[in-house]
Amino acid sequence: MVYSLAATTLTVAAPLGCEASTAEGAEEAADGARPSSEVVATGTDEEMLVLEVTTANRIVVRLPRVEVGQGVTTAVAMMIAEELDARLADVDIPLADARGKGNQFTGGSNSVSSLYGPARQLAATARAKLVTAAARRWHVPARKLRTRGTRVFAPDGRTATFGSLSRSAARITRPAVPTTPKPASQHRVIGRPTTRIDARDIVTGKAKYTGDLAVAGAKPTVVARPPTLGGKVVSVDSAAARAMPGVHAVVRIDGGVAVVAETFHHAFQARDALKIKWAPGPLANLSDTQIRSRLRAAVPKLGTPPSGSAQTEAEFEFAFVSHAPMEVLTAVADVRDGRAEIWFSSQTPQSARDDIAATIGLPASKIRVHVLRGGGSFGRRLNYDAAIEAALISKKARRPVKLMWSRADDVRHGRMRPASHHRIRASHAQGRVVAFAHATASV
Numbered sequence: 013m014v015y016s017l018a019a020t021t022l023t024v025a026a027p028l029g030c031e032a033s034t035a036e037g038a039e040e041a042a043d044g045a046r047p048s049s050e051v052v053a054t055g056t057d058e059e060m061l062v063l064e065v066t067t068a069n070r071i072v073v074r075l076p077r078v079e080v081g082q083g084v085t086t087a088v089a090m091m092i093a094e095e096l097d098a099r100l101a102d103v104d105i106p107l108a109d110a111r112g113k114g115n116q117f118t119g120g121s122n123s124v125s126s127l128y129g130p131a132r133q134l135a136a137t138a139r140a141k142l143v144t145a146a147a148r149r150w151h152v153p154a155r156k157l158r159t160r161g162t163r164v165f166a167p168d169g170r171t172a173t174f175g176s177l178s179r180s181a182a183r184i185t186r187p188a189v190p191t192t193p194k195p196a197s198q199h200r201v202i203g204r205p206t207t208r209i210d211a212r213d214i215v216t217g218k219a220k221y222t223g224d225l226a227v228a229g230a231k232p233t234v235v236a237r238p239p240t241l242g243g244k245v246v247s248v249d250s251a252a253a254r255a256m257p258g259v260h261a262v263v264r265i266d267g268g269v270a271v272v273a274e275t276f277h278h279a280f281q282a283r284d285a286l287k288i289k290w291a292p293g294p295l296a297n298l299s300d301t302q303i304r305s306r307l308r309a310a311v312p313k314l315g316t317p318p319s320g321s322a323q324t325e326a327e328f329e330f331a332f333v334s335h336a337p338m339e340v341l342t343a344v345a346d347v348r349d350g351r352a353e354i355w356f357s358s359q360t361p362q363s364a365r366d367d368i369a370a371t372i373g374l375p376a377s378k379i380r381v382h383v384l385r386g387g388g389s390f391g392r393r394l395n396y397d398a399a400i401e402a403a404l405i406s407k408k409a410r411r412p413v414k415l416m417w418s419r420a421d422d423v424r425h426g427r428m429r430p431a432s433h434h435r436i437r438a439s440h441a442q443g444r445v446v447a448f449a450h451a452t453a454s455v
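For any residue, its number in our numbering is found by taking its place in the sequence shown, counting from 1, and adding 12.
This is how it looks when you write it as structure tokens:
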């Protein structure tokens with residue numbers, strides 16, 4: 013099902029996860045039938061993928077996923093360009109803010125598979141509406157019109173941009189041509205080599221990340237963290253730090269002591285001047301050797317192999333590994349006057365919003381999370397510890413902050429790939445594997 017949203021320009025939406033259907037909404041079929049499955053929706057579009065054709069002749073799809081270097085914005089732009097016979101340069105894929113409903117989870121390599129149907133169906137429906145609008149304007153059969161490069165072409169040479177047709181196309185509920193997405197055999201964009209739509213911006217420094225944001229009043233912020241995981245502040249002498257030039261605030265949070273300053277240089281200098289007494293964390297006396305020993309002992313036995321077979325066995329050990337994305341964790345937060353606004357790169361923005369709300373004591377409806385591109389993730393941005401910290405610091409400091417975790421912060425205190433121990437056995441007979449057993453323990 014594809015919906016027309018109430019708007020002055022052509023705006024269509026499809027539920028995420030829908031499959032591309034055949035000839036949805038086609039007004040004129042070969043057998044003379046004129047079915048239509050479209051309805052006009054005036055309510056929320058939070059659970060949908062939405063496509064808009066602007067009067068400036070831009071095709072815009074606000075993506076409910078995050079770009080962290082995997083190329084999802086390029087993939088979706090290709091799907092849209094394919095069905096609209098447009099160029100990749102004509103398609104804009106901004107990232108959607110956290111929504112109240114729907115699914116904005118980015119992970120498990122599922123973005124392309126989950127968006128492939130809705131994106132293509134949206135674009136095919138939009139094209140059908142634009143062609144129908146042009147046909148009505150020129151009084152020619154819609155089936156004789158063609159599209160290319162965000163324009164509709166008539167056989168007599170007349171052309172119209174998508175943007176100039178958008179307002180009239182928005183009023184069309186029954187397109188005169190099928191809205192069926194193209195078969196793969198007709199693809200000219202999908203499946204063809206192309207450059208990423210953001211490649212030039214990335215290599216020239218034009219691409220904007222959280223650290224590049226200039227949010228009014230947001231000052232650089234860093235945190236002094238305990239020497240052990242889960243350590244707590246017993247006492248802090250911040251007099252020297254507060255007296256240093258450029259320091260705006262020093263506040264205690266659960267994870268340590270935060271310094272808000274004019275520049276990150278000022279913030280790091282003041283952080284190093286703090287005199288903190290720490291209580292050790294609950295794992296202070298646990299070593300890597302002990303963890304490895306416990307994991308090895310926890311691996312279940314493999315059981316009895318098939319009789320008459322020979323066995324090849326091996327054990328494998330994987331240590332904790334930092335995700336180490338190129339862009340360090342950064343979050344901008346502005347918490348005041350009973351509301352909060354957070355900017356950061358997140359694979360789970362809806363969960364982040366809910367947890368931030370619970371942490372700072374505000375309703376989720378008062379939290380606005382802006383999702384930004386991330387400089388790599390590898391799973392690290394499934395967690396949002398930096399965003400929660402930024403919100404807490406902003407609330408306590410009573411001012412906007414731009415929090416940055418240093419590389420050392422993330423390696424020592426960030427989420428890791430779990431350590432694990434594996435015991436594997438292959439049983440074989442007469443040159444063939446007859447059984448395979450794999451037991452593991454992880455932490």
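Where is the CB? At the ideal position from N, CA and C, for every residue including glycine.
Note that the structure is a prediction, hence the values are computed from the model and not measured.
- DSSP places F328 in no alpha helix (DSSP H) but in the uninterrupted beta strand (DSSP E) bounded by A322 to F330.
- Linking P195 to L225 through their CA atoms gives a straight-line distance of about 42 angstroms.
- Listed in chain order, the non-local C-beta contacts of E95 below 7 angstroms within the same chain comprise R132, A135, A136, R139, P193 and K194, local neighbours out to five positions each way being set aside.
- For P130, the enclosing alpha helix (DSSP H) covers residues S123 to W150.
- When DSSP assignments are scanned along the segment 51-112, the uninterrupted stretches of beta strand (DSSP E) that are 3 or more residues long and fall wholly within it turn out to be 51-53, 60-65 and 71-73.
- Distance check between A18 and each of A89, R183 and F390 places R183 closest, using alpha-carbon atoms only.
- Check the Cα spacing between A309 and each of R435, G267 and P187: the tightest is with R435.
- If you keep only unbroken beta strand (DSSP E) runs of at least 3 residues inside the segment 164-213, you get 171-173.
- When G242, A261 and V245 are compared, the shortest CA-CA separation from A251 is found for A261.
- By the CB criterion at 8 angstroms, P76 and L63 fall outside the cutoff.
- If only uninterrupted alpha helix (DSSP H) runs of at least 4 residues are considered, those enclosed by the segment 245-327 are 251-254, 276-285 and 300-310.
- A distance of 8 angstroms or more separates the beta carbons of R160 and T173.
- In the DSSP assignment, D224 falls outside any alpha helix (DSSP H), carrying neither H nor E.
- Taking D397 as reference, the option from G268, Y221 and L28 with the minimal CA-CA separation is G268.
- With respect to the C-alpha of R170, the residue from R179, L157, S178 and A181 having the closest C-alpha is L157.
- In the structure shown, E353 falls within a strand segment according to DSSP collapsed to helix, strand and coil.
- When Cβ pairs closer than 8 angstroms are counted between the two stretches, the segment 406-416 is seen to touch the segment 225-235, the count reaching three or more.
- By the beta-carbon neighbour count (other beta carbons within 10 angstroms, threshold 16), E325 is exposed.
- Inclusion of S432 and S321 in the CB contact set at 8 angstroms is not warranted, their separation being larger than that value.
- By the criterion of a C-beta distance shorter than 8 angstroms, G350 is surrounded in its chain by L374 and K378, once the five residues flanking it on both sides are discounted.
- A distance below 7 angstroms between beta-carbons, with the five flanking residues on each side excluded, links N395 to the following residues of its chain, in chain order: R427.
- One Cα belongs to V80, the other to H382, and the distance between them is close to 15 angstroms.
- The Cβ-Cβ distance between H277 and M256 does not fall below 8 angstroms.
- With respect to the C-alpha of P187, the residue from A145, R429, L177 and T360 having the closest C-alpha is A145.
- Fewer than three Cβ pairs drawn from the segment 443-455 and the segment 335-343 lie within less than 8 angstroms of each other, which leaves the two stretches out of contact.
- About 11 angstroms separates the beta carbons of R179 and T23, which is beyond the 8 angstroms limit, so they are not a contact pair.
- Three or more pairs of CB atoms, one per stretch, sit closer than 8 angstroms, so the segment 238-251 contacts the segment 281-298.
- The three-state secondary structure of H434, taken from DSSP, is strand.
- Sequence-distant partners of V333 (beyond 5 residues in either direction) whose C-beta falls short of 7 angstroms from its own C-beta, in its chain, are M428 and R429.
- Between the beta-carbon of K141 and that of A181 there is about 4 angstroms, and that keeps the pair under the 8 angstroms contact cut.
- One thing to note: Q442 has its Cβ no nearer than 8 angstroms to the Cβ of R111.
- Beta-bridge pairing by DSSP links M428 to S334.
- DSSP, reduced to helix, strand and coil, places L404 within a helical segment of the structure shown.
- Contact check for T185 against S358 fails: the beta carbons are separated by 8 angstroms or more.
- Under the three-state reduction of DSSP output, R393 falls in the helix class.
- R155 and P27 have their alpha carbons spaced roughly 28 angstroms apart.
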